[in-house]
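**Q**
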Amino acid sequence: MARSSVKVHKNWIAGESVASASGKTYPVVNPATEEVLAEAQRSDARDARDAARAARAAQRDWWHTPGVDKAHMLHRVAAVLREQREELAKILTLEGGKPLIENRDEVEWVAACFDYYAEVGRDAKGRVIAPVAHHQLNLVIKEPFGVIACIVPWNYPLLLMSWKVAPAIAAGNTVVIKPSEMTPLSTLAMIRAFRELPAGVVNIVTGYGKEAGEPLCLDDDVDMIAFTGSIATGKQIMTLAAQNLKKVNLEMGGNDPFIVCDDVDIDTAVRGAAWAAYLNMGQVCTSAERFYVFDSVADKFIERFAKFTRTLRIGNPMGPDVDLGPMINAVQREKVEKKLDEARAAGARILAGGRRPKKLTKGFFLEPAVVTDVNHKMALMREETFGPVAPIMRVKGIEEAIRLANDSEYGLGANICTRSLENAMMAMENIKAGTFWINDPLTDNDAGPFGGMRKSGMGRELGVEGLEAFRDTKHAHIDYKGGRKPYWFPYDWSHGRKTE
Ligand code: NAD
21 MARSSVKVHK NWIAGESVAS ASGKTYPVVN PATEEVLAEA QRSDARDARD AARAARAAQR
81 DWWHTPGVDK AHMLHRVAAV LREQREELAK ILTLEGGKPL IENRDEVEWV AACFDYYAEV
141 GRDAKGRVIA PVAHHQLNLV IKEPFGVIAC IVPWNYPLLL MSWKVAPAIA AGNTVVIKPS
201 EMTPLSTLAM IRAFRELPAG VVNIVTGYGK EAGEPLCLDD DVDMIAFTGS IATGKQIMTL
261 AAQNLKKVNL EMGGNDPFIV CDDVDIDTAV RGAAWAAYLN MGQVCTSAER FYVFDSVADK
321 FIERFAKFTR TLRIGNPMGP DVDLGPMINA VQREKVEKKL DEARAAGARI LAGGRRPKKL
381 TKGFFLEPAV VTDVNHKMAL MREETFGPVA PIMRVKGIEE AIRLANDSEY GLGANICTRS
441 LENAMMAMEN IKAGTFWIND PLTDNDAGPF GGMRKSGMGR ELGVEGLEAF RDTKHAHIDY
501 KGGRKPYWFP YDWSHGRKTE
């Protein structure tokens, strides 16, 4: 497709579609076909500035909008999203490569998130505390921070945006969204839903991290940065935030363990394990990336897992009848291939997959891989792979599985597959992870806080914790009589103390 014939999308600032001050655009590529889908604005510091100012200008009125009206508008955003479901799901598929059937779910989860915070956001969550003297009243009040920069990755472009934007605006903040440069089109298509809000409450600036994201993090009108992405970028964002002591909420990478005990139905465990490892081509922050299987069932599990993995249907994510689409781009695929090569060179065996499918000559496809004979020194076990790879280690029992699961600098999620209450509870109590799944990997709950321990994150999204993340706290001390106080100047030294 010739670049000149594709649609050029604009930023969205103060309720208007505007071109970048840079005068530049960049191509957004379909990872399944390698064709250019559209052009988006290649924004720079001037656009970040305009968007942050627009958000600042809208914030005071938005904060003081009655809670019942705010809730109504958030529900309206959810309603319009549901009307747009098929359109948004198609765009998500075209730009991100997840199968359409998954993206229909993603749009519904986004709508559900706006509905959830429409209600949870109405609860002021402040409190009245005991005063220290008569005729006084002490209030603990929750206030918005102001303007939030929401910096989003490409793997769940709308969902991870909604986990920031819905609670942030429900709490009375206004936002500037910087979608991933790879998947800006779905967020821009949501402008229709965002029109349910006053102009300036949500603003969208597209472009690259260095050019558009960094200046946004440094902008004087941005009070807080809510970020989801890699640990490397998270560190950069913390450094940028430190320059002006801005607040941060960071959701970063994971390397989640998945334990399979000896008491499970093997075929059920295989299905759960394959979904946890390969969903969205393993490009999920909570993908299961390391498997620890009890020795006594390991042979059977590995044999069936490899067999099942070979049956997964890989192809055009628009469907029908595919389970897996492409990876997001050539760089991501090469990173995974390199990790597999290194593991093979160090003695690992690739039992299934790990190759580019011969019949798919265009697109960033890769066959899902089952890898055995791995050890805990390999990068495959120690670092986030973010690809369709399931490395499997044998363990003697639950103690060893827990020890290896914890031998990591990450702590996003963890899984166990067992019918033993004792195994499940021991693992849940002892493994460092922000979310622990027992027999049902990777499911989220809007009311359940989500986030990482250790280097996987700082702060939480979703649940009431996800709303509190976007609220500051003020203590108001009120003397409703307003008389002169005995502890003010001049001091009376006759008692030896200021107050009796
Ligand atoms: P990334 O860190 O490369 O980019 C994320 C976002 O940050 C993008 O919008 C990018 O443009 C922006 N960015 C990059 N450099 C920047 C800078 N210097 N200043 C400001 N913004 C900058 O991550 P990605 O490749 O888009 O996403 C994959 C990563 O995200 C994986 O590590 C994955 O585990 C993680 N992730 C975490 C969660 C979670 O909830 N913990 C969820 C999904 C993905």
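With my numbering applied, the sequence shown corresponds to residues 21 to 520, in that order.
Virtual Cβ for every residue (Gly too), placed ideally from N, Cα, C.
Just so it is clear, the structure is predicted and the values come from calculations on it, not from any experiment.
1. Give a yes or no on whether the C-beta atoms belonging to Asp271 and Glu481 are separated by under 8 Å.
2. Quick check on DSSP: helix, strand or coil for Thr455?
3. Give me whichever residues DSSP pairs with Arg147 in a beta bridge.
4. Use the C-beta contact count for Val172: other C-beta atoms within 10 angstroms, 16 or more gives buried, fewer gives exposed.
5. If we ignore side chains and look at the alpha-carbon of each, how far apart do Arg124 and Leu179 end up?
6. Determine the DSSP secondary structure at Thr85, reduced to helix, strand or coil.
7. Over the uninterrupted alpha helix (DSSP H) stretch that includes Gln303, give me the two end residues.
8. Here's the rule I'm using: 16 or more other beta-carbon atoms within 10 Å means buried, otherwise exposed. How should Ala22 be labelled?
9. For the beta strand (DSSP E) holding Trp508, just list the boundary residues, first then last.
10. Quick check on the burial criterion: 16 or more other C-beta atoms within 10 angstroms. Buried or exposed for Ala213?
11. Hey, how far is the Cα of Lys30 from the Cα of Ala169?
12. With respect to the alpha helix (DSSP H) encompassing Ser182, which residues constitute its N-terminal and C-terminal limits?
13. Tell me whether Glu404 counts as near the ligand NAD, meaning its Cβ is closer than 7 Å to at least one heavy atom of that ligand.
14. Between Tyr176 and the rest of its own chain, which residues show a CB-CB distance below 7 Å, the 5 nearest in sequence each way excluded?
15. Comparing C-alpha positions only, which one of Ile211, Pro199, Thr45, Glu55 sits nearest to Ala246?
16. Classify Phe325 as helix, strand or coil using the three-state DSSP reduction.
17. Alpha carbon to alpha carbon, how far is Val351 from Tyr228?
18. Which one of Gly373, Arg147, Pro119 has the shortest CA to CA distance from Lys327?
19. Taking 8 Å as the CB-CB limit, is Pro119 close to chain C?
20. Would you say the stretch 303-313 touches the stretch 271-283, given that touching needs at least three Cβ pairs under 8 Å?
21. Comparing alpha-carbon positions, which option in Asp135, Tyr430, Arg330, Glu128 lies nearest Gly483?
22. Between the stretch 388-399 and the stretch 260-270, are three or more C-beta pairs nearer than 8 Å?
23. Regarding Ile171 and the ligand FMN, is the C-beta to nearest heavy atom distance less than 7 Å?
24. For Met315, which residues in the same chain have their Cβ closer than 7 Å to its Cβ, ignoring the five residues on either side in sequence?
25. Does the separation of the CB atoms of Asn158 and Pro164 fall below 8 Å?
26. Excluding five sequence neighbours on each side, which residues of the same chain lie with their C-beta closer than 8 Å to the C-beta of Glu59?
27. Can you tell me which of the three DSSP states Arg480 falls into?
28. Given the structure, does Pro461 come close to the ligand NAD, in the sense that its CB is under 7 Å from one of the ligand's heavy atoms?
29. By DSSP, does Phe134 sit in helix, in strand, or in coil?
30. Out of Tyr137, Leu332, Gly43, which one is the CA nearest neighbour of Ala91?
31. Under three-state DSSP, which class holds Met448?
32. Mind checking Phe470: buried by the 16 CB within 10 Å criterion, or exposed?
33. For the stretch 402-433, which segments carrying the alpha helix (DSSP H) assignment without a break, of at least 4 residues, lie completely within its bounds, in sequence order?
34. Does the beta carbon of Leu432 fall short of 7 Å from some heavy atom of the ligand NAD?
35. For Glu55, is the beta carbon positioned less than 7 Å from some heavy atom of the ligand NAD?
36. So is Gly407 buried or exposed if we call it buried at 16+ other beta carbons inside 10 Å?
**A** If we stick to the structure as given:
1. For the purposes of this step, residue 271 is taken as the residue at position 251 of the sequence shown. For the purposes of this step, residue 481 is taken as the residue at position 461 of the sequence shown. Per the sequence shown, residue 271 should be read as Glu rather than Asp. Against a cut-off of 8 Å, the Cβ pair of Glu481 and Glu271 comes out as a contact.
2. By 1-based counting over the sequence shown, the position of residue 455 is 435. Residue state, collapsed to three classes: strand.
3. Stepping through the sequence shown from its first residue, residue 147 is reached at position 127. As computed with DSSP, Arg147 is found in a beta bridge with Val160.
4. Position 152 of the sequence shown, counting from 1, holds the residue named residue 172. Burial call: buried.
5. As a position in the sequence shown, residue 124 is number 104, starting the count at 1. As a position in the sequence shown, residue 179 is number 159, starting the count at 1. Looking at the two C-alpha atoms, the distance is approximately 11 Å.
6. Residue mapping note: residue 85 aligns to position 65 of the sequence shown, counting from 1. Note: Thr85 maps to coil in three-state DSSP.
7. On the sequence shown, residue 303 is found 283 positions in, with the first residue counted as 1. Careful: Gln303 lies outside any alpha helix (DSSP H) and carries neither H nor E.
8. Residue mapping note: residue 22 aligns to position 2 of the sequence shown, counting from 1. Annotation note: pLDDT 42 at Ala22 (below 50); position unreliable, no value reported.
9. Position 488 of the sequence shown holds residue 508. Premise fails: Trp508 is in no beta strand (DSSP E) and is neither H nor E.
10. Stepping through the sequence shown from its first residue, residue 213 is reached at position 193. With 16 or more other Cβ atoms within 10 Å, it is buried.
11. Taking the sequence shown and counting its residues from 1, the one referred to as residue 30 is at position 10. Taking the sequence shown and counting its residues from 1, the one referred to as residue 169 is at position 149. Cα-Cα distance, rounded: 18 Å.
12. Translated into positions along the sequence shown, residue 182 becomes position 162. Here the alpha helix (DSSP H) through Ser182 covers 177-190.
13. Residue numbering aside, residue 404 sits at position 384 when the sequence shown is read from its first letter. Yes.
14. Within the sequence shown, numbered from 1, the residue matching residue 176 stands at position 156. Result list for Tyr176: Glu126, in chain order.
15. Along the sequence shown, read from residue 1 onward, the residue named residue 246 stands at position 226. Nearest option by C-alpha distance: Pro199.
16. Taking the sequence shown and counting its residues from 1, one reaches residue 325 at position 305. The answer is helix: DSSP assigns Phe325 an H, G or I state.
17. By 1-based counting over the sequence shown, the position of residue 351 is 331. By 1-based counting over the sequence shown, the position of residue 228 is 208. So the two alpha carbons sit approximately 16 Å from each other.
18. By 1-based counting over the sequence shown, the position of residue 327 is 307. Comparing Cα positions, the closest option is Gly373.
19. The question asks about chain C, but that chain is absent: this structure has only one protein chain.
20. yes
21. Residue numbering aside, residue 483 sits at position 463 when the sequence shown is read from its first letter. Of the candidates Asp135, Tyr430, Arg330, Glu128, the one whose C-alpha sits nearest the C-alpha of Gly483 is Asp135.
22. no
23. For the structure depicted, the ligand FMN is absent and the ligand set comprises only the ligand NAD.
24. Position 295 of the sequence shown, counted from the first residue, corresponds to residue 315. Residue identity check: residue 315 is Asp in the sequence provided, not Met. Within the same chain, and ignoring the five residues on either side of Asp315 in sequence, the residues whose Cβ sits closer than 7 Å to its Cβ are Arg414, Val415, Lys416.
25. For the purposes of this step, residue 158 is identified with residue 138 of the sequence shown, where counting begins at 1. For the purposes of this step, residue 164 is identified with residue 144 of the sequence shown, where counting begins at 1. No; because the gap between Cβ atoms is not below 8 Å, this pair is not in contact.
26. Sequence index remark: in the sequence shown, residue 59 carries index 39 (1-based). Answer for Glu59: Arg23, Val26, Lys27, Val28, His29, Thr45, Tyr46, Pro47, Val48, listed in chain order.
27. The sequence position of residue 480 within the sequence shown is 460, counting from 1. Note: Arg480 maps to coil in three-state DSSP.
28. Walking along the sequence shown from the start, residue 461 turns up at place 441. The answer is no for Pro461.
29. As a working mapping, residue 134 is identified with position 114 in the sequence shown. It is helical.
30. Within the sequence shown, the letter at position 71 stands for residue 91. Checking every option, the nearest Cα to that of Ala91 belongs to Tyr137.
31. Along the sequence shown, one-based indexing puts residue 448 at 428. Of the three classes helix, strand and coil, the one that applies to Met448 here is helix, per DSSP.
32. For this step, residue 470 is matched to residue 450 along the sequence shown. Burial call: buried.
33. 418-426
34. Here residue 432 refers to the residue found at position 412 when the sequence shown is read from its first residue. Yes.
35. Position 35 of the sequence shown, counting from 1, holds the residue named residue 55. False, no ligand heavy atom lies under 7 Å from that Cβ.
36. Stepping through the sequence shown from its first residue, residue 407 is reached at position 387. The residue in question, Gly407, is buried, as its Cβ has 16 or more Cβ neighbours within 10 Å.
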